[in-house]
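*Asks:* Chains as they are written, first to last, in the working numbering: chain A, 2 to 368; chain B, 2 to 368. Cβ atoms here follow ideal geometry from the backbone N, Cα and C, with glycine treated the same way.
There are 2 protein chains.
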Amino acid sequence: MSGLPNVRRPATLASLAAELGVSRTTVSNAYNRPDQLSAPLRARVLEAARRLGYPGPDPVARSLRTRKAGAVGLLLTEALSYAFRDPAVTGFLEGLALACEQANQGLLLVPVSPEAVDVTAVHQAGVDGFVVYSVREDDPHFLAVLERPVPTVVCDQPHNVEGVDRVGVDDRAGMLGLARHLTELGHRRVGVLCMRLAAGRHDGPALPDRQAGATYPVQRDRLGGLRDGLAEVGVDWADVPVIERFEHSVAAGRDGAQELLAAHPEITAVVCTSDILALGALGFAADKGLSVPGELTVTGFDGVPEAERAGLTTVRQPVLEKGRVAGELLLQRGDRNRPRRVTLPTELIIGETSGIPRGDERFFSGW
Amino acid sequence: MSGLPNVRRPATLASLAAELGVSRTTVSNAYNRPDQLSAPLRARVLEAARRLGYPGPDPVARSLRTRKAGAVGLLLTEALSYAFRDPAVTGFLEGLALACEQANQGLLLVPVSPEAVDVTAVHQAGVDGFVVYSVREDDPHFLAVLERPVPTVVCDQPHNVEGVDRVGVDDRAGMLGLARHLTELGHRRVGVLCMRLAAGRHDGPALPDRQAGATYPVQRDRLGGLRDGLAEVGVDWADVPVIERFEHSVAAGRDGAQELLAAHPEITAVVCTSDILALGALGFAADKGLSVPGELTVTGFDGVPEAERAGLTTVRQPVLEKGRVAGELLLQRGDRNRPRRVTLPTELIIGETSGIPRGDERFFSGW
DNA sequence: TCGTCGAACCGTAACGGTTCAGACGGCCCT
DNA sequence: AGGGCCGTCTGAACCGTTACGGTTCGACGA
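1) Which whole-angstrom value is the C-beta distance of Leu186 of chain B and Ser355 of chain B, which I expect to be below 8 Å?
2) Starting from Thr184 of chain B, follow the alpha helix (DSSP H) in both directions and report where the run begins and ends.
3) For my contact list, Ile350 of chain A and Arg317 of chain A are in at a C-beta cut-off of 8 Å; report their separation, rounded to the angstrom.
4) If you follow the alpha helix (DSSP H) that Phe302 of chain B is in, where does it begin and where does it stop?
5) Are the C-beta atoms of Thr78 of chain B and some chain A residue less than 9 Å apart?
6) Asn30 of chain B CB to nearest chain A CB: under 9 Å?
7) Consult DSSP for Phe131 of chain A and reduce its assignment to one of helix, strand or coil.
8) Along the chain, where does the alpha helix (DSSP H) containing Glu329 of chain B start, and where does it finish?
9) Output, in sequence order along the chain, the residues in the region 38-56 of chain A whose CB is closer than 8 Å to any CB in chain B.
10) Please check the pair Gly205 of chain B and Ile244 of chain B, which I expect to be a contact at CB under 8 Å, by giving their CB distance rounded to whole angstroms.
11) Note the first and the last residue of the continuous beta strand (DSSP E) segment covering Leu108 of chain B.
12) For Phe247 of chain B, which residues from the same chain have a beta carbon less than 8 Å from its beta carbon, with the 5 sequence-adjacent residues on both sides left out?
13) Distance check for Gly230 of chain B and Arg66 of chain A, CA to CA, integer angstroms please.
14) What does Arg167 of chain B pair with, by DSSP beta-bridge criteria?
15) For Arg1 of chain A, write down the residues that DSSP places opposite it in a beta bridge.
16) For Pro206 of chain A, which of helix, strand or coil comes out of DSSP?
17) Within 9 Å of any Cβ in chain B, is that where the Cβ of Glu1 of chain A sits?
18) DSSP has Val272 of chain B in a bridge; who is on the other side?
19) Is it right to say Asp139 of chain B is buried, meaning 16 or more other beta carbons lie within 10 angstroms of its own, or is it exposed?
20) Would you verify that the beta carbon of Phe85 of chain A is, or is not, closer than 9 Å to some beta carbon of chain B?
21) How many whole angstroms separate the CB atoms of Val133 of chain A and Phe143 of chain A, which I take to be in contact at a CB cut-off of 8 Å?
22) List the whole-angstrom C-beta distance separating Leu330 of chain A from Asp157 of chain A, where the pair is believed to meet the contact cut-off of C-beta under 8 Å.
23) Does the separation of the CB atoms of Phe302 of chain A and Asp210 of chain A fall below 9 Å?
24) Report the partner residues of Glu245 of chain B according to the DSSP bridge assignment.
25) Quick check on Gln106 of chain B - is its C-beta less than 9 Å from some C-beta in chain A?
26) Ala279 of chain B touches chain A at which residues, Cβ-Cβ below 8 Å?
27) Looking at the C-beta of Arg149 of chain A, does it have a partner C-beta in chain B at a distance below 9 Å?
28) State yes or no: is the beta carbon of Asp139 of chain B nearer than 9 Å to at least one beta carbon in chain A?
29) Use the C-beta contact count for Glu102 of chain B: other C-beta atoms within 10 angstroms, 16 or more gives buried, fewer gives exposed.
30) Mind pulling the chain B residues with CB within less than 8 Å of Cys101 of chain A?
31) Quick check: Phe85 of chain B and Thr78 of chain B, are their CB atoms within less than 9 Å of each other?
32) Short of 6 Å in beta carbon distance, which residues of its chain neighbour Gly284 of chain A, apart from the five on each side in sequence? Order them along the chain.
33) Just tell me which of A:Ala40, A:Pro152, A:Thr300 has its CA closest to the CA of Asp336 of chain A.
34) So if DSSP puts Leu77 of chain B in a beta bridge, which residue, or which two residues, is it bridged to?
35) Any beta carbon of chain B sitting closer than 9 Å to that of Leu332 of chain A?
36) Roughly how many angstroms lie between the CA atoms of Val128 of chain B and Ala49 of chain A, to the nearest whole one?
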């Protein structure tokens, strides 16, 4: 082909119409309503388009007129690139993508300037709706999304936003089930390793104040479920140390566990609010030569594939399904005006990382 | 808040201007060029906007006028949802997302209707450019992308598309290095397990005709590198069985290996053109009780984390870097008119799945 | 006193389509 | 012959914004 520079101004619908001596309407119809013009004319239009290198109606102009962008926006609290590293997120993405491609809709990942208050990206996004994945209640990007006059679906958190659909799981109940499993095994000295509870970098003990001020409802609920479960056997929540980590990574889990056990060596079970953190805790135990579950019980939350491979005791949530439902909630909304709230089931997975507390032989000797 | 239905027609820049008795230009400037109007007036504008619920300039209309969409499109050959399952792809995505968020650009995943010839999604996409990830040379979606008057960057394949940037690795050289490693170990009876070579579902032996008609240059090159390496020690490529799999999954690798070894039990090394397939081959060996590398050598290509954990001998390619470069090529293009071609290095990773051929003791006894 | 200048604001013309209410001619039907 | 209908195509309005090239006006220097 000729070496035309890429900067050539492409043909427009109007120029094509002029060339053919027909109205713009007719050219438009050739693309969008083939039944509105005769077959021969349509063929002529399409042929001329090919000849002139007209790529078809401009998507942006079309969007402006039709008020449809053909895409849904996805807002993640973390940096975009992080999303692809967290298996729980990729599972969610997979489900969401599934729903999107079924509806032939694009999926726009909205860039979140790290730690910046710059929400222009949210304003920039040409989308028909937003899916918001697990963000803080007071996240400025989220607030910007709410201002946009498009439907929104929240996954996981925040909870109970007026007029906004939500899909999630019952984190509290899930954790309660896990807590009962642990208390039945006999655990009473429990320590917690949790994810970020609120805005701002914070690593270390999450004291009652911090817990009370948590702006991540999911974390709040998971802690709450554990508290309730422990209360059932008379364990006072005030006696349960909670270590928080800002980063969500295996490495963070590892040194979180280190911090927890250094300060509270009496602990027999480390309850993590995510599998990733739990995998880190397992790593720490391995480093220290602590046998799991012989000397230490470790549990997670999420049920990601890696955790399954590691035999982790955890609470599985249907991440892919969450994504799919989020997409469907957004794309298949009829004219309903009442927001929908979908809660998916969790499942307690008893793996090989939970056992009776060390030094507690009653389950073997008592009978 | 009041229970206003979400369907209310939002205020426009024009209505806001009318309300305030200023021109539209001024309102626009309030958002885009604060220096073009006095601070008090700007405050008045913004205050009125808040009061009237004006969410700021409509992104689509803005895009139309400014000819910028603020997003790059990503075309994947596979179904969108597949992308999140392949670790090589997620690595690439991570890098690409990194580049995008750095430039504050969105990343639009273009839905590819499975197996359909429906390229409307490509036409629909409101983007400033496309990144095309590893598609067939004759992929209709890809051809549709080329017709769009926006810059395009290809990752991996196809090769040598006129006027289009590309980033990739030297697959041929990478595989050549691996081949030499194998021939140095003494392997002469080699079998190959490769990914899809061309359009159409095909599972089973890839005979010379099929190989010659391959429309996936990456697979072509990897096979070519192996052929060259084997030729160096006098092995005729015609004697090397190649099994093709349409699906790219561990399961496919497993039964591909099964097919390969059932038909050619004399083989001492299974060379896979991807780590995923190789992991499947390892699975097959484990099922059969074949020790690796004692009785069978297995190699991969890509260097994904799972492979590393499995100790696979493979060729590592910098997937994250590929994504990053692809993004930069697209976003940081100056006015250059010459297309850029970036080739990143590969690295031979000698793991624990490659050893001397079974029954070949010359390396131990010959000296 | 007058010319000049910069700050502040404005009018108009795109940007590239889609949509809807017709116009027009031919055909069938009565 | 006349009326109605249908298949085709057109004209003009509109989608919501920004680019471009002004205009206005008060301050200021000579």
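*Replies:* From the atom records:
1) As a position in the second sequence, residue 186 of chain B is number 185, starting the count at 1. As a position in the second sequence, residue 355 of chain B is number 354, starting the count at 1. Going by Cβ atoms, the distance from Leu186 of chain B to Ser355 of chain B rounds to 6 Å, so yes, they are a contact pair.
2) Walking along the second sequence from the start, residue 184 of chain B turns up at place 183. Where Thr184 of chain B is concerned, the enclosing alpha helix (DSSP H) stretches over 172-186.
3) As a first step, residue 350 of chain A must be located in the first sequence, where it is residue number 349. As a first step, residue 317 of chain A must be located in the first sequence, where it is residue number 316. About 5 Å separates the CB atoms of Ile350 of chain A and Arg317 of chain A; that is less than 8 Å, so the two are in contact.
4) Residue 302 of chain B sits at position 301 when you count from the first residue of the second sequence. No alpha helix (DSSP H) holds Phe302 of chain B; DSSP gives it neither H nor E.
5) Stepping through the second sequence from its first residue, residue 78 of chain B is reached at position 77. So no, Thr78 of chain B is outside the interface.
6) Within the second sequence, the letter at position 29 stands for residue 30 of chain B. Closer than 9 Å: no.
7) Position 130 of the first sequence holds residue 131 of chain A. Phe131 of chain A carries a strand assignment under DSSP once its states are collapsed to helix, strand and coil.
8) As a working mapping, residue 329 of chain B is identified with position 328 in the second sequence. Residues 320-332.
9) Those would be Gly54, Pro56, in chain order.
10) Taking the second sequence and counting its residues from 1, the one referred to as residue 205 of chain B is at position 204. Taking the second sequence and counting its residues from 1, the one referred to as residue 244 of chain B is at position 243. Yes, they are in contact, since the Cβ atoms of Gly205 of chain B and Ile244 of chain B sit about 7 Å apart, within 8 Å.
11) The residue labelled residue 108 of chain B in the question sits at position 107 within the second sequence. Looking at the DSSP string, the run of the beta strand (DSSP E) that includes Leu108 of chain B is 107-110.
12) By one-based count along the second sequence, residue 247 of chain B stands at place 246. If we look at Phe247 of chain B and ignore the five residues flanking it on each side, its Cβ neighbours are Arg197, Arg202, His203, Asp204, Ala253.
13) As a working note, residue 66 of chain A is residue 65 in the first sequence. As a working note, residue 230 of chain B is residue 229 in the second sequence. Near 58 Å, if we compare the C-alpha coordinates of Gly230 of chain B and Arg66 of chain A.
14) As a first step, residue 167 of chain B is located in the second sequence; it is residue number 166 there, counting from the start. Per DSSP, B:Val155, B:Arg342.
15) Since the first residue shown for chain A is 2 and the last is 368, residue 1 of chain A is missing from the structure and cannot be characterised.
16) The residue you call residue 206 of chain A lines up with position 205 of the first sequence. Looking at Pro206 of chain A - three-state DSSP - the assignment turns out to be strand.
17) For residue 1 of chain A there is no data in the structure shown, the boundaries of chain A being 2 and 368.
18) To locate residue 272 of chain B, count along the second sequence from 1; it is residue 271. DSSP output for Val272 of chain B lists B:Val193, B:Thr300 as bridge partner(s).
19) The count along the second sequence starts at 1 and reaches residue 139 of chain B at position 138. Its Cβ having fewer than 16 others within 10 Å, Asp139 of chain B is exposed.
20) Counted from its first residue, the first sequence places residue 85 of chain A at position 84. Yes, contact with chain B.
21) Here residue 133 of chain A refers to the residue found at position 132 of the first sequence. Here residue 143 of chain A refers to the residue found at position 142 of the first sequence. Right, the Cβ-Cβ distance comes to about 6 Å (below 8 Å), so this counts as a contact.
22) The residue given as residue 330 of chain A occupies position 329 in the first sequence. The residue given as residue 157 of chain A occupies position 156 in the first sequence. Leu330 of chain A to Asp157 of chain A, Cβ: 13 Å. No contact.
23) The count along the first sequence starts at 1 and reaches residue 302 of chain A at position 301. The count along the first sequence starts at 1 and reaches residue 210 of chain A at position 209. Phe302 of chain A places its beta carbon 9 Å or farther from that of Asp210 of chain A.
24) Taking the first residue of the second sequence as position 1, residue 245 of chain B is located at position 244. Within the DSSP secondary-structure output, Glu245 of chain B pairs in a beta bridge with B:Cys195, B:Gly205.
25) Position 105 of the second sequence, counted from the start, is the residue given in the question as residue 106 of chain B. Look at Gln106 of chain B: its C-beta is under 9 Å from a C-beta on chain A.
26) In the second sequence, the residue the question calls residue 279 of chain B occupies position 278. What Ala279 of chain B touches in chain A: nothing, since even the nearest Cβ is about 18 Å away.
27) Position 148 of the first sequence, counted from the first residue, corresponds to residue 149 of chain A. It does; some Cβ of chain B falls within 9 Å.
28) The residue given as residue 139 of chain B occupies position 138 in the second sequence. Against chain A, the CB of Asp139 of chain B has no partner CB under 9 Å away; the residue lies outside that interface.
29) As a position in the second sequence, residue 102 of chain B is number 101, starting the count at 1. That one is buried.
30) In the first sequence, the residue the question calls residue 101 of chain A occupies position 100. Under a criterion of Cβ atoms nearer than 8 Å, the residues of chain B adjacent to Cys101 of chain A are, in order, Leu81, Leu110, Pro112.
31) The residue given as residue 85 of chain B occupies position 84 in the second sequence. The residue given as residue 78 of chain B occupies position 77 in the second sequence. Taking 9 Å as the Cβ cut-off, Phe85 of chain B and Thr78 of chain B do not qualify as a contacting pair.
32) Against the first sequence, residue 284 of chain A aligns to sequence position 283. Excluding five sequence positions before and after Gly284 of chain A, the CB atoms of its chain that fall closer than 6 Å to its own CB belong to Arg255, given in chain order.
33) In the first sequence, residue 336 of chain A corresponds to position 335, counting from 1. The shortest C-alpha separation from Asp336 of chain A is found at A:Pro152.
34) One-based indexing of the second sequence puts residue 77 of chain B at position 76. According to DSSP, Leu77 of chain B bridges with B:Tyr134.
35) Locating residue 332 of chain A in the first sequence gives position 331, where the first residue counts as 1. No, Leu332 of chain A does not count as interfacial toward chain B.
36) Working through the second sequence from its first residue, we reach residue 128 of chain B at position 127. Working through the first sequence from its first residue, we reach residue 49 of chain A at position 48. The alpha-carbon atoms of Val128 of chain B and Ala49 of chain A are separated by roughly 25 Å.
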